[in-house]
Structure formats: structure tokens, C-alpha cells
Amino acid sequence: MATTFRTWLEDRISQSLLLELAGLYLGPVEMPYRRQDLAARLYAFFADKDVQETLLSGLDEAGCLILSAIAFVKRVNPSLLASLVPSIPGRKRERLVESLTKRCLLISDEEGSYTLNDTIDYSSILSQDFLHGQVREHGLIIDLRSTIAAFVAAGLADGPFTSPRRRKAVLDGLEAKLPLLPPGGALPLATRFMDQLRKQGLSGNKEAVQTLLSASEDQLKVFLLGGGQDAALLAALASNFKDGYAKTLFKVLGHDLDNAAESRFDMVSFIFDSTRIEGDGTVLAVEADLSVAWDRLPAGSLLPYAVEVHRVDVMTSASLTKDRVIRAFDRGMSLEDLLSSLPGAPKGVIDRLRSWWDSTQLVKVYDGLYLEASPQAAQLIRSLPGMQDHILRRIGDDGFLMKRSSEAIWRGLLSGLGHEVLSTIAEKVTEEDHLLVLDEAMDPDRLPLARLPEERQHLDDGTRQVLSHLIDEKLTGVQKDAFQQLLEAGYIVSPTQVDPAHHVRTGRVVSGLDFNAKLSFLRSLCGTGRLVEVTCADGSSPYSVLALKTSGASSTVTLEDAEGGRQQTIPVSAIFKLREVIS
Amino acid sequence: MARPDGPLVVQSDLTLLLDVHNALADECRDSINAFTELIKSPEHLHTFRITQLSIWNARSTGMDEDGICATLDSYSRFPIPSAVEYFIRDNCRRYGAVRFQALDDGHFRLSCQDAYHRRLLESQAQVKGYLGHPDGDGFIVGMMARGPLKTALVKAGLGVEDLVPLSDGQHLDIKLRNTTRSGRPFMVRPYQEAAFKAFWAEGRPGGGHGTVVMPCGSGKTIVGILAMARLAVTTLILTPNVASAHQWIREILDKTGLDEDLIGEYGAGDAKQVRPVTVCTYSMLTWRPDKEAEFGHFKALASQDWGLVIYDEVHLLPAPVFRFSSAIQSRRRLGLTATLVREDGREDEVFSLVGPKRFDIPWSELEKQGWIATAWCHELRIQMDESLRLDYATASGMAKARIAAMNPAKKAVVRALLEKHEGEHILIIGQYIEQLEELAKDFGFPLITGRMANKKREELYEAFRKGDEKVLIVSKVANFAIDLPDASVLIQVSGGFGSRQEEAQRLGRILRPKERDSNFYTLVSKYSKEEDFSLNRQKFLSAQGYQYSVEDWQ
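Residue numbers (our numbering), protein chains in the order written: chain A, 23 to 605; chain B, 49 to 602.
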């Protein structure tokens with residue numbers, strides 16, 4: 023069973039490390055101490071979201087890469103880690119691992135392997151280059167040993183099939199040991215494996231195959247690769263191609279593959295790494311039953327992220343399922359992105375995808391807290407029995423500040439209305455921000471400055487002026503004075519705290535993956551002179567938007583440099599992020 | 049040698065993808081039909097599958113491993129994966145490991161290839177019980193056990209070479225007419241002829257039993273009548289309901305020279321006629337006074353010396369009829385269906401008892417050739433009003449489905465569609481009787497449900513055929529086997545929770561070729577589970593290449 027952070031603190035961690043961590047994070051430890059109490063206090067400390075955010079925000083690139091690698095394979099020993107992140111030299115890597123462990127971002131088990139702290143959401147820092155955004159949640163542990171053990175247990179190492187009965191028993195056994203095996207996959211898998219054994223001179227030599235099980239991960243790797251590309255296919259087949267297995271193998275072994283093997287390996291790995299494929303696709307068939315088949319995809323195609331892959335073979339077969347498509351939308355893919363990956367899709371398919379997209383656009387949730395609905399949906403939400411218990415406050419006509427603690431419940435209620443609710447993240451606004459200001463008190467003395475996270479105490483002058491202006495404009499009397507004091511004390515950090523209705527207009531951030539949102543945001547700024555910070559591969563700079571030319575995926579925007587007046591036209595798709603500049 | 053311009057992609061999981069836009073596609077399809085099963089036939093890539101059974105069926109009709117591999121090789125765009133070739137050769141060699149040979153009327157001899165196979169049979173629990181008594185390297189088995197034994201052997205992965213000839217049955221001279229009794233020219237279409245040929249296999253040992261899959265409205269009945277005429281034998285026809293039994297009788301009278309008194313209906317009441325051509329419903333065949341009693345009519349019909357048994361809409365075969373089918377394994381058997389999809393997943397049993405799929409033709413092919421009508425499918429999304437949505441949001445699962453299905457706003461859509469298609473023959477079909485009754489009351493059209501007497505139902509169908517009634521509102525009783533040639537519009541106001549075959553059968557009601565294109569409307573409440581159900585219902589048809597446009601009703 024995987025070690026959890028709690029069990030690590032309570033049972034696994036050495037006494038010296040426990041005391042060191044307690045001293046670092048909780049202050050001097052009074053002696054004598056109770057291990058359980060200390061562990062519980064440390065657990066509570068690290069469970070705090072602010073603490074977690076602070077820990078993550080202090081990571082450098084190398085730290086992120088190591089955590090990404092571990093997120094990818096779930097559990098890692100030092101030698102595997104070395105294979106996964108060869109760009110970090112050995113000594114530096116060891117120091118980093120030690121440092122990450124002391125920050126409780128890593129935990130170790132008794133076998134000397136590392137896993138991530140299960141109480142922390144690492145998604146904000148994981149290296150997308152490494153993960154390609156998708157494999158993180160679905161990667162399997164590299165487990166070559168289990169795969170070979172399954173072959174042995176199924177009797178495949180005993181030599182060729184001598185009877186149909188044994189053959190059937192072997193295939194049944196194989197299916198039982200490898201539950202992810204696709205239907206009908208046992209026979210081709212068995213055939214491939216037996217070929218492999220024959221090539222290695224191990225066919226019929228049960229003892230020799232048994233010894234494989236005591237081999238190291240690297241030795242197993244060498245064995246599987248001994249027969250060239252078939253080994254990769256074999257392992258991928260065993261994992262049903264759906265998970266990170268194939269890609270993990272690729273990442274681990276990629277540098278060892280010769281050209282021929284690599285090109286064959288592409289077949290199993292490219293669905294997880296579409297950027298590897300270059301050149302135009304030769305066949306891509308999109309059928310009315312939402313099935314899709316292709317032999318090669320164009321470089322950078324997003325399609326694999328929106329389909330459920332059934333089989334990677336000479337041709338890859340997959341389906342556009344509602345779950346996968348909605349999930350892709352949830353991760354920032356726009357309808358336009360998806361459609362551009364499906365040239366020649368039948369109208370019925372486009373209609374269906376559009377209807378799924380539409381169903382995600384009626385209700386949006388920002389930060390699991392602020393819910394924005396279409397006017398019609400908002401009306402229903404207001405009337406929905408049971409919903410009132412979860413609404414902290416109405417914001418404008420169509421917005422709601424929701425209880426974060428009951429997010430699962432109110433999302434359930436919304437799904438009853440048939441709305442797919444995406445977890446869109448827009449600007450930074452927290453429940454605490456609102457509650458502190460709106461509910462807790464107007465008295466700054468009740469709000470100890472020391473509790474404030476550091477960044478709240480350092481607003482830039484421009485933002486401070488905007489906030490001050492807003493307070494003057496929107497508030498009156500005692501409230502105005504109180505809010506000015508709160509601003510000075512560092513509690514007012516967002517215009518929405520002053521004017522909740524300001525929420526959707528201020529400091530808006532649009533993800534680079536959300537193509538439609540980018541278009542619509544740029545359109546709203548076009549010709550207004552308002553500034554937007556545009557992040558591209560070259561970096562970030564403020565611009566005003568002069569013109570927008572929409573033409574599907576090749577839409578372009580003409581920008582004017584805020585300082586020098588220099589103009590440039592760039593593809594909308596090349597924009598990583600847009601952030602409204604508050605002036 | 050694989051060819052870069054080949055139309056076929058052979059996958060290592062034994063599926064074959066046929067590029068229908070390739071110049072060799074038709075030729076390739078004809079060649080691989082004999083040893084594959086068609087899985088789906090959408091617009092671009094048709095999917096076929098090689099199975100153990102499909103290989104054995106090919107072997108039973110004389111194909112060998114080299115022939116199959118050579119066929120694949122000649123059309124394949126890429127080299128055939130070695131695992132596929134291994135599978136084909138291995139299973140071809142395993143065909144005939146167990147063999148059935150005729151002894152006398154009541155028994156056959158089961159012989160095994162070697163002592164190993166004999167011991168294998170004896171060790172298989174599901175096979176052992178049917179083995180009869182030992183005889184040398186095999187067993188003497190009673191003829192009644194032939195069906196179930198064969199099923200058990202196939203399940204155990206053993207390819208049976210069944211050399212027991214099928215009974216010829218009694219001769220009956222049946223001539224096809226060139227001009228129907230109603231005065232219209234009549235000729236068998238090429239694909240109907242091909243379907244019969246695939247079923248009959250020129251009388252070779254492996255032929256004479258099997259299932260023909262053809263789209264609704266493409267004339268499956270004609271394939272049955274053709275088989276009766278070509279084999280010239282007495283025939284028992286089993287149908288899913290009385291209306292379709294009567295339809296068979298009408299068609300036989302219309303298209304053949306048989307006299308009326310040679311055709312009998314084995315039905316309820318006094319209509320228990322056993323004649324050279326007898327038509328009976330599944331429910332009649334499986335009727336019994338109580339759960340413990342014997343199936344009374346079973347024996348009477350099984351004991352006749354039929355030369356052919358036809359199972360109409362074989363996908364509906366009720367489980368008790370499996371028993372009947374296993375008892376008549378020595379008869380020639382022809383299954384007919386448009387959608388061999390069973391929600392209970394018992395398609396394999398249908399194959400093993402009635403016979404394997406012998407012929408399957410893509411719907412799009414027949415549409416292209418004009419043998420079935422071009423149909424436009426529309427999914428119309430209809431808003432629920434606010435109070436209904438609140439009811440829906442707080443209802444339980446089953447109640448949700450009902451609320452969405454009964455959405456009163458659908459009525460206005462039905463009205464608009466009736467106006468749009470005024471003058472056409474229109475069917476309104478639904479799941480909930482209450483909803484249909486309300487529509488019947490509002491619009492004043494006749495309603496047909498299972499509660500209505502058969503006679504009255506047929507009168508209404510006849511009035512519809514003649515054009516005296518232009519619109520019928522029908523419950524699921526009209527899902528199957530009702531021939532309403534002029535119907536060109538179908539409005540589905542509600543449907544089952546996701547029955548793929550029901551959707552296809554309903555579309556089938558408007559596929560008879562006619563002057564105008566057909567329109568199939570399915571009304572779905574927006575933002576409800578009906579959207580998901582609807583998508584599931586459409587799976588079979590979309591796998592046949594039918595596209596649903598999804599439109600928001602404003």
C-alpha cells in the first residue's frame with residue numbers, strides 16, 4: 023500500500039527527522055514529547071493551504087522537474103529518478119531530494135523510494151514539458167516485474183503450446199494476471215512474448231525465466247528491449263495503451279532505442295506525446311458514430327486529449343466520448359481547438375461536440391468559489407431547493423459566492439440541472455477575502471497584521487490607487503473609512519472585495535489553452551485602448567489591441583506596444599496567457 | 049505481398065478496416081465476407097472482425113488457411129501482423145478436431161481427431177453431459193443433443209465439422225411470380241439473391257443454416273420467400289407478432305404461386321392450422337398455461353417434417369425458443385434480422401442455434417443503390433420550462449427520465465412538424481402511453497397500443513397504407529415487422545433508456561424506397577438525461593453511417 027503523508031509522519035519517519043521538521047516548522051520542541059502529538063501538529067501545519075502554496079511557490083525549475091517525474095511514475099527509487107531526470111547532475115539531485123523531503127514535498131518509504139505528499143495538489147507546478155499535461159493522473163507505475171511475473175505465472179515460459187487445453191489455461195491465466203489486457207489481447211501478447219523467449223533462448227527454460235523475476239528493473243528493461251521494438255509493443259499492450267505505461271517506458275528507455283525501434287515505438291507512444299509526430303497525417307477518419315481512426319497525426323494535434331483510445335495498432339482507433347471531451351474542455355481546450363483537430367468531421371459529430379461545449383458554458387466556477395451563470399441558469403439556481411444553503415452571497419444578477427466547504431454538494435445539485443460545470447480558474451479571489459471584509463468585521467484591529475501572507479502587504483502603487491479610488495467611488499460613510507483602513511492594513515487586495523460586481527471585469531486572466539476565451543477577450547479589448555499583458559514564447563509585455571482577424575485556428579491579433587507604439591501581428595494560438603492590466 | 053494502394057488495414061487484434069473510398073473496396077468486401085463478420089459500416093472505414101467462429105464457418109464452406117491469408121495479403125495496405133496469420137492458421141487447423149457423422153435418424157457419431165481430444169471432451173463439464181455412450185475413439189450421441197452439444201463445443205473452443213446432413217423435409221413446389229398478385233412487376237434484387245446464396249452455400253455441408261442481416265425495408269421477407277422457392281420445401285415461419293405473421297402470409301400469396309389453402313396460421317383460438325407453409329408467433333410457440341407446464345405447441349410444431357424454418361426478426365428470439373431451435377438442429381434454418389444487437393448479449397447463442405451470420409450488407413450501400421430510402425435524422429433539443437427543470441433536478445433517476453421524456457413542450461414541436469410535413473404519411477411513436485394518449489386527444493389521430501385488438505390494429509395499418517389515415521400515433525407495438533411502405537416521416541417523442549435496436553427498427557419503418565426522402569425526428573429534452581440516452585440509442589445507426597443533426601428547437 024502506498025505510504026500516505028499521515029502514516030509517514032506517524033510511523034515511518036525517523037525520530038531525528040521528525041524533531042528536525044518540528045523544530046523548523048513548529049518552533050522549539052518541549053521535552054519530553056509525544057511522537058503522535060508532534061506528528062499530528064506537523065500534519066495540521068502542512069495541511070494548511072497557505073503553507074502548501076508557500077512551499078510550492080518556493081520551488082525552482084529543478085525541483086519542479088523532480089516532482090513532475092515522481093508524479094508521472096508515482097513512486098521512484100534513486101536510480102529510476104536518475105533515468106527520469108538525467109539533466110540534473112547526481113549530487114545536485116541528491117541535495118534537492120533531501121531538501122524536498124525536509125519541505126515535506128516528498129516522502130520516502132522503507133525501501134528507499136520516494137512518493138509525493140498525498141495531501142498536496144501539485145498541479146500548479148508540475149512541468150508540462152515533462153508531463154504533457156495529461157499523463158499525470160493516469161500514469162501507471164513502471165512495473166516490468168509484474169508484467170513478466172504474469173507471463174511466468176500464466177505458464178508462458180514453459181515452452182510452446184502443446185495442447186489447446188494448456189493454451190486456453192495459459193491465455194485465461196494471462197488475462198487474470200493482466201486485467202488491463204484488451205479483449206482478445208491475450209493471444210497476440212502471448213505469441214509476441216513467446217517469440218521473445220525464443221529469440222533469447224529461454225523458451226522452455228522455466229528456471230531461467232524465473233530468475234528474471236529477481237533481476238533489477240534495469241536488467242528487466244534490457245531483457246524486454248533485447249528483442250527490439252516488440253518489447254515496447256508488448257508492454258504497451260499489457261497496459262491497454264490507455265495509460266502512461268508506454269510513455270513511461272519511452273521516457274525511461276527512449277535514449278536507448280535505435281531509429282527503427284524508435285519509429286515503431288512512436289506507434290505506441292505518440293498518443294501521449296503528439297508533439298513527437300511530424301509531417302501531415304495520412305489518414306484521419308472521423309465517423310458519424312463518434313469513432314476516430316488515424317495512422318499518423320499532424321504534429322501538435324490535440325486530438326488524443328479528447329478521445330478515449332481503444333487500440334494503438336497499424337491504425338489507432340478511438341472514440342470521442344462525452345466524458346473525455348468534457349474533460350478536455352475542463353483542461354482548457356476550446357471547441358475551436360477540438361474542431362481544428364477533426365478536419366472533415368461529419369456535421370452530426372460537430373453538432374454533438376458543439377452541444378457538449380454549450381452545456382459547459384452556462385455555469386462556470388472560479389476557484390471552486392465564485393459561480394457565474396447565464397441569466398436563465400442563474401434563475402434556476404436561485405430557485406433550486408437546497409441550493410440556498412450553499413450560497414454565501416449573491417453577486418450581481420448572475421453570480422454567486424459559494425461555500426467552498428460544500429462544493430461537492432452544490433456541484434451535484436447543479437449537475438441535476440443538466441449543466442456540466444467546468445473548473446475554470448480566473449482571477450484570484452478567495453472565500454476568506456470576502457468573509458474577512460464582509461462578514462468578520464470592519465474593525466482593522468481585529469485583524470492581526472502578522473497573519474497576512476507576505477504578498478498581501480506589498481501591493482504595487484498602481485493597484486493600491488485603483489483600490490483606493492474604488493473605495494471612494496463605491497462606498498460611503500463609515501464603511502468607506504473602514505475599508506481604507508483595511509486597505510492600509512493590507513487586507514484589501516482585490517477590487518472584488520470592495521465591489522463584488524467588479525469581479526468579472528477586473529484583472530481578468532485567460533488561459534492560453536482556452537482559444538475561444540482568448541478570442542472573445544481580445545475582441546472586447548479591440549480598439550478600446552485598454553492594456554492587456556500578453557505572454558508569448560518571448561515573454562510578457564503590455565499591449566493594446568488594435569485589430570483582430572478571426573479565421574478559425576489561424577486567427578491573428580494586431581498589438582501595439584504600450585510604450586514605444588511598435589505594432590506587431592501574431593497568431594492568437596501563439597499566446598500563452600492574457601492578463602488584463604488594471605490602469 | 050502487401051500493396052500500398054490496398055483498401056484494407058489488418059490490425060493485430062484481428063479487426064480489419066476497409067477504406068470504402070478505395071477503388072478496390074467493393075471487390076475486397078466480397079472477398080473477405082466469407083471469413084469475417086461486419087462490425088460496423090460508417091462513412092469512411094468499415095470494420096470487420098475475424099473470429100474463431102468466422103474462420104470455422106469459412107472452413108465449413110471449403111476455404112482453407114492459405115486461401116484466407118492470401119486474400120488478406122492481396123488487399124492489405126501493410127504487412128499482415130504475424131499474430132493474425134498465426135490465429136488464422138491455428139484455427140483452420142483446429143477445425144475438424146471433433147467431427148459429427150450421421151448414423152441413423154435418431155443418432156450421430158462424434159469422433160475425435162486423437163485420444164487427446166477425446167480426453168479433453170470428457171474433462172469438460174459443459175460438454176460431458178451430452179456425450180452419450182463411448183464408441184471406439186468417439187461417442188454415439190442422440191440427435192436431440194446435437195444443438196446444445198455443438199454450442200458447448202464451440203464455447204470450449206473446439207471447431208466442429210458437422211457432416212450430418214440437414215433433413216430435406218417434405219417437397220413443396222413453390223414458384224415465384226414475375227408479376228405479383230396485386231399486379232406489380234416482381235423480381236428478386238441482386239443483394240437478395242446474394243443473401244440466399246450465402247445462406248445456401250450451394251448445398252455444401254456447412255450451408256443451409258445461418259442468419260441474414262439486412263436493413264429494415266430492404267426486403268428480408270423476399271429472401272425468406274426466395275429460400276422457400278429455391279429449396280422447394282415445407283416451411284415453418286416464426287414471427288415476433290401477429291401483424292407480421294399476417295404480413296408474411298400476404299407477401300407469400302402476393303409473390304408466389306402458392307394456393308391460400310397451403311398456407312396456415314398457427315395462432316390463438318381456432319386458428320391452429322399446420323399446413324405446408326405455417327406461420328406462427330414466438331409467443332404462441334412458447335405459450336404454456338403455467339410456469340411448470342410443458343410448452344404445448346412446441347411439440348406439435350417440432351414434430352413436423354419441415355424442410356426449412358425461418359426466424360423473422362431473429363434478434364428477438366425469446367430464450368425458450370432457444371430450446372425449440374436446439375431441438376430442430378437437423379432442419380435448415382434461416383434467421384432474418386436488421387439489427388443483430390441483443391441488449392441481453394445473447395447474439396452468440398442465436399448464431400450457434402440458428403446459424404452463423406452468412407450475409408450482412410451495409411445500410412449505406414443499399415441507400416446508395418436506391419434500394420432503401422434516404423433518411424435524414426434529426427435530434428431536436430427542446431427546453432424544459434423552469435418549473436419542470438426544477439422538478440427534474442430534484443427527481444430520482446427513473447423519475448428524471450420520465451419527466452424529460454414527457455416534457456409538455458414537445459407537443460408544440462410535434463404540431464410544427466406535422467405542419468411542415470403536411471400531406472406525408474407520418475408516424476408518431478413513443479414510450480409512454482399517457483403521453484401518446486394526450487397527443488392523440490390533442491391532434492385527433494388514431495392511437496395504436498398493445499391494448500388494442502389485433503383486428504383493429506390491422507384495420508388502422510391498412511387505412512394508413514391506403515392513405516385514408518395520414519398520421520398514426522403508435523406505441524412500441526409498431527417497432528417491428530410492420531410494413532407501412534408510404535411512411536416517410538417518423539417523430540419519436542420518447543424512447544427506451546438506450547435501446548440501439550429499437551431506434552434502428554423505428555427508423556426502419558420509413559426506409560421503404562419512395563419518391564421522397566424520409567425524415568426521422570427524435571425529440572429530446574435539453575440538459576437532461578434524455579440527451580445521453582438518445583446518444584446511446586443512436587449508436588447502431590451511426591455505426592451504419594447515419595448522421596443525426598443536433599438542433600436546438602427555438
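C-beta atoms are modelled at their ideal positions from N, C-alpha and C, and glycine is treated no differently.
No experiment lies behind these values; they were computed from the predicted model shown.
Per DSSP, the bridge partner or partners of residue i
i        : result
B:Arg232 : DSSP, once it has assigned bridges, lists no residue as partnering B:Arg232.
A:Pro564 : A:Glu555
A:Asp311 : Note: A:Asp311 sits in no beta bridge, so no partner.
B:Leu86  : B:Phe96
A:Trp378 : According to DSSP, which records beta bridges pairwise, A:Trp378 is partnered with nothing at all.
B:Leu169 : B:Leu169 is not bridged to any residue.
B:Val113 : Note that residue 113 of chain B is Glu in the sequence shown, not Val. Paired residues: none, contrary to the question.
B:His473 : B:Ala535
Contacts of residue i in chain B (Cβ-Cβ under 8 angstroms)
i        : result
A:His441 : Tyr575
A:Leu402 : Glu434, Arg437, Leu438 and Ala441
Start and end residues, alpha helix (DSSP H) containing residue i
i        : result
B:Val462 : Lys458 to Lys468
B:Gln133 : Before going on, a small fix: residue 133 of chain B reads as Glu here, not Gln. Where B:Glu133 is concerned, the enclosing alpha helix (DSSP H) stretches over Ser130 to Arg142.
A:His441 : Note, A:His441: premise wrong, no alpha helix (DSSP H); not H, not E.
A:Thr123 : Gly112 to Lys124
B:Pro238 : Pro238 to Trp248
A:Asp72  : Lys71 to Ser79
Residue i: CB within 7 angstroms of a non-hydrogen atom of the ligand GTP
i        : result
B:Ala526 : With respect to small molecules bound, the structure shown includes none, and the ligand GTP cannot be examined in it.
Limits of the unbroken beta strand (DSSP E) element including residue i
i        : result
B:Asp152 : Element bounds for B:Asp152: n/a, residue is neither H nor E.
B:Cys76  : Run containing B:Cys76: none in the beta strand (DSSP E); it sits in the alpha helix (DSSP H), Ala73 to Ile80.
B:His257 : His257 to Val261
B:Pro127 : That residue, B:Pro127, is in no beta strand (DSSP E); it is neither H nor E in DSSP.
B:Lys223 : That residue, B:Lys223, is in no beta strand (DSSP E); it is neither H nor E in DSSP.
B:Phe407 : Lys405 to Asp408
C-alpha distance - residue i paired with residue j, whole-angstrom precision
i        : j        : result
B:Leu428 : B:Lys524 : 20 angstroms
A:Gln74  : B:Ser576 : 39 angstroms
A:Asp82  : A:Leu128 : 15 angstroms
A:Leu39  : A:Leu31  : 10 angstroms
B:Val519 : B:Ile476 : 7 angstroms
B:Asp338 : B:Pro213 : 37 angstroms
B:Lys405 : A:Tyr144 : 54 angstroms
B:Glu485 : B:Leu495 : 7 angstroms
B:Phe135 : B:Ile103 : 9 angstroms
A:Ser90  : A:Asp70  : 22 angstroms
A:Lys425 : A:Ala350 : 26 angstroms
B:Glu308 : B:Gln377 : 29 angstroms
A:Thr25  : A:Glu133 : 11 angstroms
B:Leu211 : B:Trp248 : 15 angstroms
B:Thr259 : B:Ala246 : 10 angstroms
Closer than 7 angstroms at the beta carbon, the chain B residues around residue i
i        : result
A:Ala367 : Per Cβ cutoff of 7 angstroms: no residues; A:Ala367 is ~10 angstroms from chain B at best.
A:Arg374 : Val598
A:Ser381 : Tyr575
A:Leu406 : Leu438 and Ala441
Listed by chain order, chain A residues near residue i by CB distance under 9 angstroms
i        : result
B:Ala591 : Glu309, Ala310, Asp311 and Ser313
Contact list for residue i against chain A, beta-carbon separation under 8 angstroms
i        : result
B:Pro90  : Glu309, Ala310, Asp311 and Ser313
B:Phe83  : Within chain A, no residue comes near B:Phe83; the closest Cβ sits about 16 angstroms away, beyond 8 angstroms.
B:Gln549 : None at all; the shortest Cβ gap to chain A is about 15 angstroms.
B:Lys587 : Asp311
B:Gln602 : Ordered by position in chain A, no residue passes the 8 angstroms Cβ test against B:Gln602, which lies about 14 angstroms from the chain.
Interface partners of residue i on chain D, CB under 7 angstroms
i        : result
B:Tyr594 : Absent from the structure is chain D; the protein chains it does hold are A and B.
- Query: Quick one: complete alpha helix (DSSP H) runs, 4+ long, within the region 306-342 of chain B?
  - Reply: 330-333
- Can you check the region 182-220 of chain B for any alpha helix (DSSP H) of at least 4 residues that lies completely inside it and give the ranges in chain order? 194-203
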